[in-house]
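Below is one structure, written out as structure tokens, with a few remarks after it.
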Amino acid sequence: AVYKNELYIGTQNINFSRIHFTNPLLFKTVSAGAILAYNLFEYVRNNHLALLFYNLLIPLAGIASDGCEVWRYNDSLDKWSPVVSDQPGSMLSAGFGDKRNFAAAVIHEFKGDLYVGTAAGLMLGCQLWRYNGTTWEKVVLPGGDGFGSKWNIYAWSMGCYNNSLYVGTLNFKPDKGCQLWRYNGWQWFKISLPGGDGFGERYNMGARSMVEYPENSGGIVVGTFSLDVMSFRCFNGCEVWMNMPFNYN
């Protein structure tokens with residue numbers, strides 16, 4: 221992520237993680253403190269770099285989780301602050317109060333608030349949390365966690381287009397596929413994908429990435445993660461789908 225004209229890069233390591241940035245010619249290491257992480261995501265909001273940590277290597281194998289974390293970095297003070305963590309000073313405990321939320325899988329700003337989507341174990345369902353800079357609030361999803369399906373274990377991608385927040389899921393049900401949902405700030409709508417969930421292909425279990433293209437067009441491009449849940453083999457490659465607005469020339 222770009223932060224104050226510098227590029228921040230998070231590394232992945234089983235035993236520890238560090239954060240690097242460039243100015244842009246010289247890389248140096250920013251200490252992450254005593255943080256154990258297997259993966260992370262980053263986001264910039266209000267001149268703060270927010271980091272979202274995995275605390276579990278293989279969640280589906282039944283390994284116990286310590287719960288996901290969210291950390292904020294203030295460059296002017298060169299200071300890390302826990303936002304969601306079991307560390308002192310945190311606003312909310314790790315895993316958003318549920319250690320089974322092993323990953324803060326995606327983060328995005330929408331209408332002045334910060335939204336974080338979780339990843340949980342099998343049959344638990346993903347969650348969405350909203351942060352206004354002071355307090356956290358769990359966003360009510362239609363049907364409950366997982367958008368009414370416990371198979372939607374990840375909220376895996378997000379994007380903001382045409383004044384709405386879009387959320388893509390990872391659906392672990394063998395005969396289904398990923399789902400795409402739209403939120404206007406008070407109501408949720410499930411997006412009808414061509415062919416149904418997974419864009420008509422059950423192997424498309426995850427809506428892994430999402431971006432607006434062309435820029436400012438309102439068109440959404442979704443990249444899928446493809447896997448046969450039954451055999452854990454990839455028979456088909458990933459796919460890229462695009463929704464082009466009718467009024468775009």
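Note that our numbering gives residue 377 to position 157 of the sequence shown, counting from 1, and the numbers run on in steps of one. Note that beta-carbon positions come from the ideal geometry of N, C-alpha and C, so glycine has one too.
In this model, Phe367 and Cys346 are separated by some 8 Å (Cα to Cα). Leaving aside the five residues that flank Tyr423 on each side, the residues in its chain whose CB is nearer than 7 Å to its CB run, in chain order, Ser446, Leu447, Asp448, Phe455, Asn456. Cβ atoms of Val290 and Val336 come within 8 Å of each other, at about 7 Å. Taking all protein chains in view, the Cβ of Thr354 is surrounded by fewer than 16 other Cβ atoms within 10 Å, so the residue is classified as exposed. In this structure, DSSP gives Asp286 a state outside helix and strand, which the three-state scheme calls coil.
Within a 10 Å sphere around the beta-carbon of Met343 sit fewer than 16 other beta-carbons, which makes this residue exposed. One alpha carbon belongs to Tyr403, the other to Ser412, and they sit about 14 Å apart. In the three-state reduction of the DSSP assignment, Phe392 falls in the coil class. Apart from the 5 residues on each side of it in sequence, Gln399 sits with its Cβ closer than 7 Å to the Cβ of Phe367, Asn372, Thr389, Asn391, Lys410, Asp417 in its chain, given in chain order. For Arg292 against Val303, the beta-carbon gap comes to about 5 Å, under 8 Å, which counts as contact. Secondary structure within the stretch 321-366: the beta strand (DSSP E) runs of 3 or more consecutive residues, fully enclosed, are 321-330, 333-340, 348-351, 356-358 (chain order). Scanning its chain for C-beta atoms nearer than 7 Å, with the 5 sequence neighbours on each side dropped, one finds around Asn352 the residues Asp333, in chain order. Note on Ser296: under 16 other CB atoms within 10 angstroms of its CB, so exposed under the neighbour-count rule. Boundaries of the beta strand (DSSP E) harbouring Phe445: 440-446, taken from the DSSP string. For Trp461, the uninterrupted beta strand (DSSP E) segment begins and ends at 460-463.
If the five residues before and after Lys358 are omitted, its C-beta is found closer than 7 Å to the C-beta atoms of Gln347, Trp349, all from its own chain and listed in chain order.
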